[in-house]
Amino acid sequence: MLIAAGAVLKLTVSSFLSFAGMKPNFMIAMYCLAIILTRPKVYQSVVIGLLVGLVSQLPMLNATPLVNIASEMLGALACGLLVTALAKVAADNRGFQDIVAPVIITFLSTIVSGYTFAMIVGVAVAHLEPLAVFGVYAVMVLGTATMNAVLAAILTPVLRAVLKR
-10 MLIAAGAVLK LTVSSFLSFA GMKPNFMIAM YCLAIILTRP KVYQSVVIGL LVGLVSQLPM
50 LNATPLVNIA SEMLGALACG LLVTALAKVA ADNRGFQDIV APVIITFLST IVSGYTFAMI
110 VGVAVAHLEP LAVFGVYAVM VLGTATMNAV LAAILTPVLR AVLKR
């Protein structure tokens, strides 16, 4: 359901939240939330990323065919690995597990996904040097990662409470 919600939010709300050319990527934020909340095995996280990449192929969601498949799979892989690693850190600290860990996980997963996307588009399409891609896309990737991390901080405790009911 979170993946579908991400697609709908990306189509409708994201343009209203645009700031200096950056906007939250609800697809990434929602698969991060799904992985954080359900704690699947790492390979299952990659499958979630594949599904998001495939959903992203809908013409209204994507201007660059196939690129999102790789970027979302790698972002979800990073998310799954981080969830596994951080689940053991301060496991009894609710604030860490509900806010700090989701912020770290979503921020870093968005960076992995965003830079994978940027590398493919920047190097293969725009013929930029790989090092130049990091500089050219830094503001956009880091800005999007920050917006997604804020969404995770707000939504994780709310969704955990809803799931407990």
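Each residue of the sequence shown is one higher than the last, beginning at -10 in my numbering.
Idealized CB from N, CA, C, for every residue including glycine.
In the three-state reduction of the DSSP assignment, Asn137 falls in the helix class, which pools H, G and I. If you check the CB distance, Ala107 and Val122 come in under 7 Å. DSSP places Met62 inside the alpha helix (DSSP H), whose first and last residues are 56 to 76.
With fewer than three CB-CB distances shorter than 8 Å, the region 81 to 89 does not count as touching the region 118 to 138. Taking all protein chains in view, the Cβ of Ala65 is crowded by 16 or more other Cβ atoms within 10 Å, so the residue is classified as buried. Relative to the Cα of Ile17, the nearest Cα in the group Leu47, Leu63, Val31, Ala52 belongs to Leu63. DSSP places Pro29 in no alpha helix (DSSP H); its state is neither H nor E.
Below 8 Å, enough C-beta pairs join the region 25 to 38 and the region 65 to 75 to call them touching: three or more.
Nearest C-alpha to Val41 among Met49, Ile25, Ser60: Ser60. In the three-state reduction of the DSSP assignment, Asp87 falls in the helix class.
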